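Residue numbers (the numbering used here): 38 to 326.
(1) May I have a chain-ordered list of the beta strand (DSSP E) segments no shorter than 3 residues that lie completely inside the stretch 46 to 99?
(2) Between the stretch 156 to 166 and the stretch 90 to 103, are three or more C-beta pairs nearer than 8 Å?
(3) Please work out which residues of its chain come closer than 6 Å, Cβ to Cβ, to residue 98, disregarding the five sequence neighbours upstream and downstream, and give them in chain order.
(4) Going by Cα to Cα distance, which pick from 69, 60, 141 is closest to residue 86?
(5) Kindly provide the ranges of any alpha helix (DSSP H) runs that are 4 or more residues long and lie completely inside the stretch 247 to 302, ordered along the chain.
(6) Just confirm the distance between the C-beta atoms of residue 253 and residue 242, as a whole number of angstroms; I'd bet it's less than 8 Å.
(7) My parser needs the beta strand (DSSP E) runs of 3 or more residues fully inside the stretch 128 to 162; what are they?
(8) Rounded to the nearest angstrom, how far is the Cβ of residue 170 from that of residue 184, given a contact under 8 Å?
(9) Quick check: what's the CA-CA separation for residue 231 versus residue 225?
(10) Locate the beta strand (DSSP E) running through residue 109, then write down its first and last residues.
(11) Are residue 195 and residue 299 touching if we call contact CB-CB under 9 Å?
(12) Which one of 166, 313, 43 has the shortest CA to CA distance from residue 57?
(13) On a Cα-Cα basis, can you pick out the residue from 53, 91, 43, 62 that is closest to residue 234?
(14) Can you look up residue 206 in the DSSP assignment and give me helix, strand or coil?
(15) How do the stretch 265 to 274 and the stretch 187 to 201 stand: do at least 3 beta-carbon pairs fall below 8 Å, yes or no?
(16) Expressed to the nearest angstrom, what Euclidean distance is found between the alpha-carbon atoms of residue 304 and residue 189?
(17) Could you check where the beta strand (DSSP E) with residue 172 kicks off and where it finishes?
(18) Please return the same chain residues whose Cβ sits closer than 6 Å to the Cβ of residue 244, not counting the five positions on each side in sequence.
(19) Tell whether a beta-carbon distance below 9 Å holds between residue 121 and residue 45.
(20) Look at residue 261 and residue 292 and say whether their C-beta atoms are less than 9 Å apart.
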């Protein structure tokens with residue numbers, strides 16, 4: 038069964054193969070939108086930085102949790118056979134811990150999207166790795182390490198660049214409920230994170246939410262957990278560990294948000310403008326054009 042479905046995936050070019058690097062909430066919003074557009078979507082997980090907005094992301098699929106984002110399910114795949122079966126047979130977004138180098142020998146992506154949002158790391162040249170390469174967020178320069186770049190900076194979300202570089206991260210979180218940086222907790226040191234809490238839990242200022250390498254981590258304010266690193270993972274120093282939504286009854290922690298949808302819409306626009314599908318890729322071409 039799996040071998041037959043793999044062969045179907047390799048031979049059937051009626052819809053493009055979209056490979057997304059990253060499993061965070063931005064990558065997941067893009068995956069939801071492109072799956073709805075008819076693409077066969079595979080997400081490759083990268084452990085840095087840790088995913089904290091897990092109710093808005095497909096990340097927890099990797100732990101065999103049942104995850105559905107805006108009515109689009111995720112499905113864990115651990116081998117090339119499973120990738121072929123998932124993408125040939127279902128409506129789910131496939132999610133894997135396999136890396137780009139593992140997947141490319143199977144089939145070259147029609148569209149490659151780097152949505153890891155790695156603000157302080159060198160980004161490799163993605164061009165010629167796929168029919169069209171799109172870089173989201175800092176460290177991308179259109180025409181240098183991707184074909185098209187998409188801004189994710191809160192003040193310029195969704196701007197497309199056919200040439201030039203995206204804005205560097207300024208380290209200033211956007212406001213939510215009138216609160217900026219204070220609603221985040223950053224890892225004070227590297228270590229294993231242990232917590233009994235999950236996304237959406239209500240916390241109060243001073244409440245110990247977990248321990249990082251044995252160090253107690255108290256809540257900086259009252260609110261709901263919009264983001265929290267998964268229990269029993271290794272966390273590097275300095276990364277976001279927890280996010281609190283202080284908006285009371287208006288707090289939200291599941292599904293795509295406005296920013297994610299705007300970036301996904303910009304990504305679709307980039308594909309409409311720049312992706313030149315083969316005749317066999319007519320399905321998504323009709324949808325996107």
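All residues carry an ideal CB built from backbone N, CA and C; glycine is no exception. These numbers were taken from a predicted model, which means no experiment stands behind them.
Looking at the coordinates:
(1) 54 to 58, 77 to 81
(2) no
(3) To locate residue 98, count along the chain shown from 1; it is residue 61. So the qualifying residues of the chain are 104, 111, 113, 132.
(4) Here residue 86 corresponds to residue number 49 of the chain shown, with the count starting at 1. Among 69, 60, 141, the Cα nearest to that of residue 86 belongs to 60.
(5) none
(6) Residue 253 sits at position 216 when you count from the first residue of the chain shown. Residue 242 sits at position 205 when you count from the first residue of the chain shown. Not a contact, Cβ separation roughly 14 Å.
(7) 130 to 133, 148 to 151
(8) Taking the chain shown and counting its residues from 1, the one referred to as residue 170 is at position 133. Taking the chain shown and counting its residues from 1, the one referred to as residue 184 is at position 147. Right, their Cβ atoms sit about 5 Å apart.
(9) Numbered from its first residue, the chain shown carries residue 231 at position 194. Numbered from its first residue, the chain shown carries residue 225 at position 188. Straight-line Cα distance between these residues: approximately 14 Å.
(10) In the chain shown, residue 109 corresponds to position 72, counting from 1. Residues 109 to 113.
(11) Residue mapping note: residue 195 aligns to position 158 of the chain shown, counting from 1. Residue mapping note: residue 299 aligns to position 262 of the chain shown, counting from 1. It is a contact, given that the beta carbons lie within the stated cut-off.
(12) In the chain shown, counting from the first residue as 1, residue 57 sits at position 20. It is 166 whose Cα lies nearest to the Cα of residue 57.
(13) Counted from its first residue, the chain shown places residue 234 at position 197. Here the closest residue by C-alpha is 91.
(14) Taking the first residue of the chain shown as 1, we reach residue 206 at position 169. DSSP places residue 206 in coil when its eight states are reduced to three.
(15) no
(16) As a working note, residue 304 is residue 267 in the chain shown. As a working note, residue 189 is residue 152 in the chain shown. Each residue's alpha carbon lies about 11 Å from the other.
(17) Looking up residue 172 in the chain shown gives position 135. 169 to 173 is the extent of the beta strand (DSSP E) around residue 172.
(18) On the chain shown, position 207 is the one that residue 244 refers to. Around residue 244: 256.
(19) Numbered from its first residue, the chain shown carries residue 121 at position 84. Numbered from its first residue, the chain shown carries residue 45 at position 8. Yes, the Cβ-Cβ distance between residue 121 and residue 45 is below 9 Å.
(20) The count along the chain shown starts at 1 and reaches residue 261 at position 224. The count along the chain shown starts at 1 and reaches residue 292 at position 255. Not in contact: residue 261 and residue 292 (Cβ atoms no closer than 9 Å).
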